[in-house]
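Comments concern the structure below.
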Amino acid sequence: MKKEIITEKAPGAIGPYSQAVKAGNLIFVSGQLPINPATGEMPAEIKEQTRQSIANIKAILEAEGATLDNVVKTTCLLADMSLFGPMNEVYAEEFKKVYPARAAFAVKELPKQALVEIEVIAFVGA
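Residue numbers 4 to 129, in the working numbering, belong to the letters of the sequence shown in order.
Okay, here's the thing in structure tokens:
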């Protein structure tokens with residue numbers, strides 16, 4: 004059985020998808036753009052965008068009683084691979100050992116002209 008996870012502390016879905024879905028002991032968080040849910044604004048720089056995307060992920064996980072420590076897999080989408088270094092600096096500040104498995108790659112374009120979008124899978128429970 005699957006359960007939709009919704010919080011007003013992260014941007015709402017801009018299409019036919021959920022912010023996150025819990026299935027069994029897994030939480031699948033949809034890709035989070037760096038949009039501040041309170042203002043609807045997006046920071047200009049990659050480091051701030053990465054921080055905001057991760058803040059959105061934290062808010063969604065917290066809605067289900069989880070934290071970044073529960074994350075087992077991440078996928079980081081970048082507008083350009085030249086942004087990898089600065090994104091990775093912020094990522095390393097937020098995620099602690101044991102680090103999640105990760106894929107990071109550049110795509111042709113992200114929604115709303117964002118520089119980064121991050122999705123995660125987290126494990127909760129026994």
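Idealized CB from N, CA, C, for every residue including glycine.
- DSSP places K50 in the helix class (H, G or I) of the three-state scheme.
- Taking the Cα positions, K6 is about 22 Å away from A58.
- Beta bridge pairing from DSSP links I121 with Q35, C79.
- Here the alpha carbon of Y94 sits roughly 13 Å from the alpha carbon of K61.
- F87: member of the alpha helix (DSSP H) spanning 87-97, first to last residue.
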